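Scroll down for the structure; my scribbles are underneath it.
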Amino acid sequence: MEKDELLKALCLPENTKIALEVVDSIPSTNDFFKTTSDWGLDSDLQIVIAETQTQGRGRFGNTWFSPAGENLYLSCQRRFNTPPHQRSSLSLIIALALVQALEPFIKPVDLKIKWPNDILYQSFKLSGILIESRPQDQVVIGIGLNINMLGDEHGVISQHWTSLKKITAKHFNREQIAAALISRLAHILPEFEQKGFSAFKEQWAAYDYLLNQEINIKVGLSDSQIVNGIARGLDDEGYLLLELKDGQLQAFASGDTSRVNLVYY
Ligand code: BTN
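In the numbering used here, the protein residues as written are 3 to 267.
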């Protein structure tokens, strides 16, 4: 990843200052900010990108496969002056920023968002997001995006996955993709901070993978904490609305969702 090439391709809002670091190898880009707590604090966004991660982390304790030089492993730290409850919809906004940033590169391919924040192409996972809170209202947003990866020789990825190259049969310039994503984040995050999720609800709905599908939502660690129903979109807070068997709507703030009766081919 060429830092200068990335910086040249950025299109930031006026007066936005970013700090950017590109490293070869790191355990996890999300952990970068634990050890360098005051790096770049005078900027609006602090961003670190790694060529590879030796201990890339996913949600629910999963590992994030991070082969060198093929994909994007990026973490971004930002201070949010919003009440913590509003932050639960932040992951939805990051997913929205990702699909919007990618669209010009892969037109007319349709990407979907599986609530809360997996980016899918035809049910195969293209990108994952891991958000972690830090002291003093800082939030670290970790994004893993499969770009030019074609194989997983050792079969270590437990999920059905894809990459931009698998989808389009084209090779992508990672600097251009990273710049488009950072630029979109720099625009959308201040707007989200001001207006909340409801201002983006309609845009998000256009990518809703679960809408009107029968789904399971796992709300705890054990299988007994699975709730079944029909997904009926999101409310103004970004909570998932589930229509239960008795017709009642229940709102969920978090959970792991899957479509029932999904066949991969
Ligand atoms: C998921 O499980 O879907 C979330 C995956 C998040 C992976 C990214 S890669 C960059 C950042 N560093 C990490 O260790 N994880 C996130």
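Cβ atoms here follow ideal geometry from the backbone N, Cα and C, with glycine treated the same way.
Note that the structure is a prediction, hence the values are computed from the model and not measured.
- A distance criterion of 7 Å places the beta-carbon of Ile133 beyond contact range of the ligand BTN, judged by its closest non-hydrogen atom.
- Distance from the CA atom of Arg186 to the CA atom of Lys109, rounded to whole angstroms, is 17 Å.
- The closest heavy atom of the ligand BTN lies 7 Å or more from the beta carbon of Thr170.
- Counting C-beta pairs with one atom in each stretch, the region 246-261 and the region 206-220 have three or more that are closer than 8 Å, which means they touch.
- Looking at Val265, Tyr266, Arg234, the one whose alpha-carbon comes closest to that of Gln252 is Arg234.
- Burial state of Ala52 is buried, judged by a 10 Å Cβ sphere holding 16 or more other Cβ atoms.
- Annotated three-state conformation of Val101 is helix, per DSSP.
- Distance between Thr65 and Arg59, taken at the CA atoms: about 5 Å.
- Comparing C-alpha distances from Glu23 to each of Lys10, Leu12, Trp41 shows the shortest one belongs to Trp41.
- Closest option to Leu92, judged by alpha-carbon separation, among Asp237, Leu191, Ala207, Glu204: Leu191.
- Of the candidates Ala208, Ser68, Thr38, the residue whose Cα lies closest to the Cα of Asp154 is Ser68.
- Non-local C-beta neighbours of Lys127 in its own chain, meaning closer than 6 Å and more than five positions away in sequence, comprise Asp120, Gln161, Trp163, ordered along the chain.
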